[in-house]
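Numbering (the working numbering), first residue to last: 31 to 217.
These notes concern the structure reproduced below.
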């Protein structure tokens, strides 16, 4: 018997696998939170499937999303990234990745972990919404507005409220699986 999935992922094996195993699962590990933050910032203005299809290329190009290495990138490394056809070659987003890695480590110094910081906005527990269809999910909320504002104050780039809300969905801070989706009660 076919399991019911959220409508946004149907028809693409990569999308369905991402939906089934990653999307909405609470993430507390800093390395994974950083990876999703970078992927979400690159997704701004593009479709998520585009980024998902390039994910392994991003992983290779950005040293497995090692924020300590990324924070130390020099202009030569940035220039190399801007020539890499396997990723999104947007100069502002590539430069933002380097500055976001630095800002990420500053947050870690202040809060112990980035996870402590970001999950503090939801008191460490996922917000469980009750969506009939994925189309009912908001693009942003007052909470994502507040997180976005705070991240920007801390020096992060490409972290508008919509990017932040997508990050919250991806990392399980908010459960926006459709109520009839088999993952709704699992995550």
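Note that CB positions come from ideal geometry on N, CA and C, so glycine has one too.
All values reported here derive from a predicted model rather than from experimental measurement.
| Check | Outcome |
| --- | --- |
| Which residue marks the beginning of the alpha helix (DSSP H) containing residue 55, and which one marks its end? | Taken as a continuous stretch (DSSP letters only), residue 55 belongs to no alpha helix (DSSP H), as it is neither H nor E. |
| Determine contact between the region 178 to 194 and the region 153 to 166, defined as no fewer than three beta-carbon pairs at a distance below 8 Å. | no |
| Excluding the 5 residues preceding and the 5 following residue 152 in the sequence, name in chain order all residues of the same chain whose CB lies nearer than 6 Å to its CB. | 203 |
| So, is residue 35 buried or exposed, given that buried needs 16 or more other C-beta atoms within 10 angstroms? | buried |
| Give the straight-line distance between the Cα atoms of residue 72 and residue 33, rounded to the nearest whole angstrom. | 31 Å |
| Assign residue 161 to one of three DSSP states: helix, strand, or coil. | strand |
| Answer yes if the region 164 to 175 comes into contact with the region 132 to 140, meaning at least three C-beta pairs across the two stretches below 8 Å, and no otherwise. | no |
| Answer yes or no: do residue 118 and residue 84 have a C-beta to C-beta separation smaller than 8 Å? | yes |
| With a 10 Å radius around its C-beta and 16 neighbouring C-beta atoms as the bar for buried, classify residue 94 as buried or exposed. | exposed |
| For the 8 Å Cβ check, are there 3 or more pairs between the region 42 to 59 and the region 192 to 208? | yes |
| Any heavy atom of the ligand GDP within a distance shorter than 7 Å of the CB on residue 137? | Absent from the structure shown: the ligand GDP. Ligands present: none. |
| Beta-carbon within less than 6 Å of residue 196's beta-carbon, same chain only, minus the 5 sequence neighbours each way: which residues are those? | 70 |
| Please classify residue 17: is it buried, with 16 or more other beta-carbons within 10 angstroms of its beta-carbon, or exposed? | It is not possible to answer for residue 17, since the shown part of the chain is limited to 31 through 217. |
| What residue from 87, 74 and 60 has the CA that sits closest to residue 98's CA? | 60 |
| Among the residues of its own chain, which have a CB less than 7 Å from the CB of residue 211, if the five just before and after it don't count? | 34, 35 and 36 |
| List the whole-angstrom C-beta distance separating residue 91 from residue 114, where the pair is believed to meet the contact cut-off of C-beta under 8 Å. | 5 Å |
| Considering only the beta carbon of each residue, do residue 48 and residue 82 sit closer than 8 Å? | yes |
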